[in-house]
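Numbering (this note's numbering), first residue to last: 13 to 1003.
Okay, here's the thing in structure tokens:
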């Protein structure tokens, strides 16, 4: 189309312009520069004039004002500047005159050229309008063509989309089979986008593909969940252990650095977490990639894929629901793998059948197969559980990032703590199985203690109910069960359900039955388990998220050790103590130690216990209470033995004479000083006088102990002496409350619970190197135990001491109470009671010498010579009648007693019985001699003693008068006068 514009053609006009020379250009430039300088001066000096709104009058009036505030003085300056500006301006105009002329000449030509251009533009506009009219003429036809073309194009795109959509399911199946889960998820996403873009799901013919893709999405989700479980719970082969972290049993656990054992297990994990925290990724591309921590990256990738499927909450719930069963399977696999690695296992190994720490230490030193099995088993279990915890930590952190916070976690059952609780429960159970042997302990452990580890609030919740144990009997559901029976019978003719409410319809699960332990349970196996357990607890603390309580694993450890291991160890030791205490004859004497065999065995048991519990070097609060419990049982055994020998007497009967004297505070204090400080003449005299003053009017065999009981009590005293000879020396107290402060909580756990470390080599009966280190209140507890033993020893010593004195008084009273002291002729027969007295003293001396030794015997026998000397006098009141032949017989019996005592006591020359002999010598001095003796007060006999001697002097005459039924008035009167005179003497004495 010709767009030319018609019209007349004009001739191109040329313009003649005079060109200036270089000199002219220079003059023109200088003129302008001068003009600019002058204008700049005006602007600077007279700026008001240069304003666009300047008023000349405003400038002129100040110049005419000749006052002090006016500017008349500057008028000449203003006039001069005006002339200079005019001159400069004139010069500039003159220099540029030719340029002005040229500009004026070319104006007309320019106007004509512009008019021609406007005419040309008008022609072009008209031509364009014509073209536009021609193009828009067939518009309806073009619209139809355009619409048809768009429809055909859309149909082609839909066909291509359908072809693409049909190919996606096969691709997804292939990707899932190759474990390319991210690509499979992307294919599902692409299929959804393709279908949504073209609205393909509205086509009924594609409903099958839609359903298949939905099933593939669910299948992919299930595969992802299974893959997640496989990776987390180590169902795939992977080197997850660190041999450098495995504790060595022959190494000292006390010096073991738990953190150094834990660190190798966290090298890869810590590197992953550091990179993870830096990236805060939101896509697969942002996940840290490194072959060293491929496992953790894979877990995070799986979670991203599940999140892309929009099924993250469902996956977390599945993880939470399967935790317990997965961990049980993990432990079962570990146990079975250990069993296969050690086919030579022998459960008959003595080191694990005996509850003897020494046997176990020997097994460790010799590399016993059962020791290796336990070490291998629990290291595998704990290291795998550490890996599981690390996997759950990765899940926790990844989900927190994917959900921009804990929102998704809060909406699900999954928490990191729930994973820990599941592991904690199973770990508790398997350790329990290997340290608790109910067949050995019998009733030593109560039912409450056996189940305590599953009764702690949220720590290990027991099952509320089990379907296999569900019963409908006597419940509202009983009628429903009957209805169910009727429905089943209608649906299945011939079907019968017997006793539908008596037994559950559900069968018991056989998936996780209790496995037989690889070695026999033994509480001392904790020695082997403890190092690996500490590494596990330290690892669990490191695995815990910063936002949660990192002390939960430590709380579990303390709970388990305090309520399971500590209780079992305590009950085992108590059980062993009971066996020691009840084996054989409890009174069988060990002659080498002067104590019962049980006491000697207890010393060996106690020393071995302290040695095993490592109480020598530091205060072991976790174990000291067990030691105190053993000591308490030992004290109770002694006290019970004392009560068996000297049972508490009924309040309705008079107490035994020794008990009666024991309950007299003044006498008790005097006698206690004698047995602790040794002989003291004044104290012996005071004890003797107090005893004889408190002899009841009637004394019988009930007041004394038989020979067997006395010997048993002596053996008990010997056992107490033996125990107190070594027990107090074991105490060593520390006053520094900061003793052994650990650098970390895990080291504190190790220090609190380590045991059986480097047992001291020593003779079987030696306490060398073994101590019971105490601190704070425990010192007072130990001192109270020793004090109770010492008090019991003192009580037994006083019982023996008082009983011997009771026998002396009893046999002397019995001898004096017989009718054999007025014979018709001299007799050399020894009174049977005196014989019994001698036998009792000799038997006591023999048993005391054999069991307690010379020094122990002296504490019991000291002062009996003086007591007999005084008792022979004070108890003469029991003699009914006496003659000279009877006096000779008394002398004979005194001599027999004297000879016996001289063979028994360490100082024979002190056994003189001077007081008794001189007392009975008064019988020969008649009543006048008795009164004369009283006046002289030579021997300090009491009024009653002298009165008794006066009665005995007249007893023969008085008895003869009574026999002939004619009272001897003379004898009676003489007796009465003598008593009155004696009374006057003592009355005068008192004035």
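Idealized CB from N, CA, C, for every residue including glycine.
The structure displayed is predicted, hence computed values, not measured ones.
- Taking all protein chains shown into account, residue 234 has fewer than 16 neighbouring C-beta atoms within 10 Å of its C-beta and is therefore exposed.
- Here residue 607 carries a strand assignment [DSSP, helix/strand/coil].
- Within the segment 676-708, no run of beta strand (DSSP E) at least 3 residues long lies entirely inside it.
- The beta carbons of residue 843 and residue 905 sit closer together than 7 Å.
- Counting along the chain, the unbroken beta strand (DSSP E) around residue 743 starts and ends at 743-745.
- Taking the Cα positions, residue 165 is about 12 Å away from residue 173.
- Contact annotation: residue 716 and residue 869 have beta-carbon atoms that are not nearer than 7 Å.
- In the structure shown, the three-state DSSP call for residue 660 is coil.
- Taken through DSSP and simplified to helix, strand or coil, residue 894 comes out as coil.
- Taking the Cα of residue 854 as reference, the smallest distance to any Cα among 808, 828 and 915 is reached at 915.
- Straight through space, the alpha carbons of residue 548 and residue 398 are spaced by roughly 6 Å.
- In this structure, DSSP gives residue 786 an extended state, which the three-state scheme calls strand.
- Each of 687, 733 and 907 was checked against the Cα of residue 841, and the nearest Cα belongs to 907.
- In this chain, residue 562 is not harboured by any alpha helix (DSSP H), its DSSP state being neither H nor E.
- In the three-state reduction of the DSSP assignment, residue 155 falls in the helix class, which pools H, G and I.
- Annotated three-state conformation of residue 449 is coil, per DSSP.
- Comparing alpha-carbon positions, the option among 97, 337, 215 and 331 lying closest to residue 236 turns out to be 331.
- In the structure shown, the three-state DSSP call for residue 322 is coil.
- According to DSSP, residue 602 shares a beta bridge with 607.
- Under the three-state reduction of DSSP output, residue 37 falls in the helix class.
- About 7 Å separates the CB atoms of residue 711 and residue 669; that is less than 8 Å, so the two are in contact.
- Counting C-beta atoms within 10 angstroms of its own C-beta, residue 898 has 16 or more neighbours from the protein chains shown and is therefore classed as buried.
- For residue 573 and residue 822, the gap between their C-alpha atoms comes out near 60 Å.
- Note on geometry: alpha-carbon atoms of residue 240 and residue 430 lie some 17 Å from one another.
- Here residue 831 is exposed, its C-beta having fewer than 16 other C-beta atoms within 10 Å.
- A Cβ-Cβ distance of about 6 Å is found for the pair residue 577 and residue 447, placing them in contact under the 8 Å criterion.
- Collapsing the DSSP output to three states places residue 923 in coil.
- The beta carbon of residue 942 lies closer than 8 Å to those of 934, 958, 961, 962, 965, 990 and 994 in the same chain, with the five residues before and after it left out.
- The beta carbon of residue 196 sits closer than 6 Å to those of 184, 187, 188 and 232, all from its chain and outside the five residues before and after it, given in chain order.
- Your pair residue 97 and residue 133 does not check out as a contact, with CB atoms roughly 47 Å apart and the cut at 8 Å.
- Around the C-beta of residue 543, 16 or more other C-beta atoms lie within 10 Å, and the residue is accordingly described as buried.
- Rounded to whole angstroms, the separation of the alpha carbons of residue 667 and residue 812 is 16 Å.
- About 17 Å separates the beta carbon of residue 349 from that of residue 382, a gap too long to meet the 8 Å contact definition.
- Residue environment for residue 120: exposed (fewer than 16 other C-beta atoms within 10 angstroms of its C-beta).
- Looking at the backbone, the Cα of residue 589 and that of residue 494 are separated by about 58 Å.
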